[in-house]
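Everything below concerns the one structure shown next.
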Amino acid sequence: MAKLNIGDKAPDFKAVDQNGQPISLSDYKGKKVILYFYPKDNTPGCTDEACSLRDGYKDITSAGMDVIGVSADSEKSHLGFVTKHNLPFRLIADTDKKVIEAYGAWGEKKMYGKSYDGILRSTFIISEDGKIEKIIDKVITKNHANQVLDGIGK
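Residue numbers (this note's numbering): 875 to 1028.
Rendered as structure tokens:
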């Protein structure tokens, strides 16, 4: 799994969202996309991140962007997460980790001195023509909406 860089063509994908509806990057051709990867629904940091994007969603869409979240959780888990926190964007249920791996968002993590493999919290801003415009790999969960809007026309 090669590391993606700014200027690379974003890998297309076919997956399902929290409602079991098909979703692919090509559905968003001509629109800027914030594709964010997070470890797990309903955990403190992931909830903070999702709620920051929810709270900034009006500014994000006003800037011509849409948001798609990705984790390895199931459709059912995502639906509960969306409902509980009133999230206005789609979440991909990437249970086979194909999208996660295509974007290099799977790798070694450390917690309490132990190493393990997991989802690396990261965000890719994809341009209207499908190229990676910005990569955020040092996500500030409670301020993520401002991170994505920074320098993009807020």
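Even for Gly, the Cβ is constructed at its ideal location relative to N, Cα and C. Fair warning: this is a prediction, and the values are worked out from it, not measured in the lab.
Residues near residue i in its chain [Cβ-Cβ closer than 7 Å; skip 5 each side]
i       : result
ALA988  : It is Lys, not Ala, that sits at residue 988 in the sequence shown. Result list for LYS988: empty, nothing under 7 Å.
PRO962  : ARG928, TYR931
CYS925  : HIS959
ALA946  : ASP968, THR969, LYS971, ILE974, ILE993
SER1001 : LYS906, GLU1007
Nonlocal neighbours in the same chain, by C-beta distance under 6 Å from residue i, ignoring five residues either side
i      : result
ASP882 : ILE1006
ILE994 : Sequence check: residue 994 is Leu here, not Ile. Closer than 6 Å at Cβ, skipping near neighbours: ALA979, GLY981.
Through-space distance from residue j to residue i, alpha-carbon basis
i       : j       : result
PRO913  : LEU965  : 12 Å
THR921  : HIS952  : 12 Å
ALA1019 : ILE934  : 8 Å
THR821  : PHE955  : Any answer about residue 821 is impossible in this case: the structure gives the chain only from 875 up to 1028.
VAL890  : GLY1004 : 20 Å
ASN893  : ASN879  : 31 Å
THR957  : LYS950  : 11 Å
Where residue i sits in the DSSP three-state scheme
i       : result
TYR910  : strand
VAL1022 : helix
ARG928  : helix
LEU1002 : According to the sequence displayed, residue 1002 carries Glu and not Leu. Here GLU1002 sits in coil by DSSP.
ALA889  : strand
TYR986  : coil
GLY992  : strand
ILE897  : strand
LYS1028 : Reliability fails at LYS1028, whose pLDDT of 37 lies under 50, so the model's placement of it is uncertain and the value that follows must be treated cautiously. Coil.
8 Å contact criterion, which residue i and residue j should meet: CB distance rounded
i      : j      : result
ASP940 : TYR910 : With a Cβ gap of about 11 Å, ASP940 and TYR910 do not count as contacting.
Residue i: CB within 7 Å of a non-hydrogen atom of the ligand GTP
i      : result
ALA946 : The ligand content of the structure shown is nil, which means the ligand GTP is not present either.
Could you tell me which whole alpha helix (DSSP H) segments of length 4 or greater appear in the region 922-966?
Secondary structure remark: continuous alpha helix (DSSP H) runs of at least 4 residues inside the region 922-966, in chain order: 931-936, 949-959.
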